[in-house]
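Residue numbers (my numbering): 765 to 921.
Beta carbons are placed, not taken as given, at the ideal position from N, Cα and C, and that holds for glycine.
Only a predicted model underlies this, so the values are computations on that prediction, with no experimental measurement involved.
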Amino acid sequence: MNIYFSENITYTVNDTFENVQADINSIVNRPWHDFSENITGNIDEENKFTFTHKWSFAVIKWIEKNPAYLSGKLSIDKNKTVITTTVRPNSIFVIFFYLLTILFLFEVIGIETFIEGPKYYKLLFFPLFNLIIFGIMKGFMTGLQNRFERILKLERA
């Protein structure tokens, strides 16, 4: 996990490249009304794919609308197929996490912030809200990753 809370995972599949690509296309080609699995996405001609949750927060063009994103690439290594994935949270979650961290540090140092109230409340609630945001981010990321692994029958090494 890096400072943007994204995680890289590599899978090695003992199956042909075409079969793995067909499995990924089966996720992409699900009808819009099939909510048995909360995952949707696309694949391009360079064997790169992106998956997200079917449900989104809101549709605003200049803001990311999905809670987590899983992107990846298919490649061939000898007789095996390698799936390299990166799962990351919505950037708004990351921005709020670091904003609350900065506000907490300002309170610890003694710099006045725009948030009013007793100092001990702020010193208590900033880390608490950060833990909540972190839990939400990890929950969405883990859910999307687990769904992807379950559909493709993958196991982490």
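**residue 809: first and last residue of the uninterrupted alpha helix (DSSP H) it sits in** = No alpha helix (DSSP H) contains residue 809, which DSSP labels as neither H nor E.
**Of the residues 831, 844, 907 and 788, the one placed nearest residue 778, counting alpha carbons only** = Of the listed residues, the one whose Cα sits closest to residue 778 is 844.
**Asked** Do residue 850 and residue 839 have their C-beta atoms within less than 8 Å of each other?
**Response** no
**Message:** Rounding to the nearest angstrom, what Cα-Cα distance links residue 776 and residue 822 in this structure?
**Reply:** 36 Å
**Outcome for residue 888 when other beta-carbon atoms lying within 10 angstroms are tallied against a minimum of 16** = exposed
**Euclidean distance between Cα positions of residue 769 and residue 872** = 24 Å
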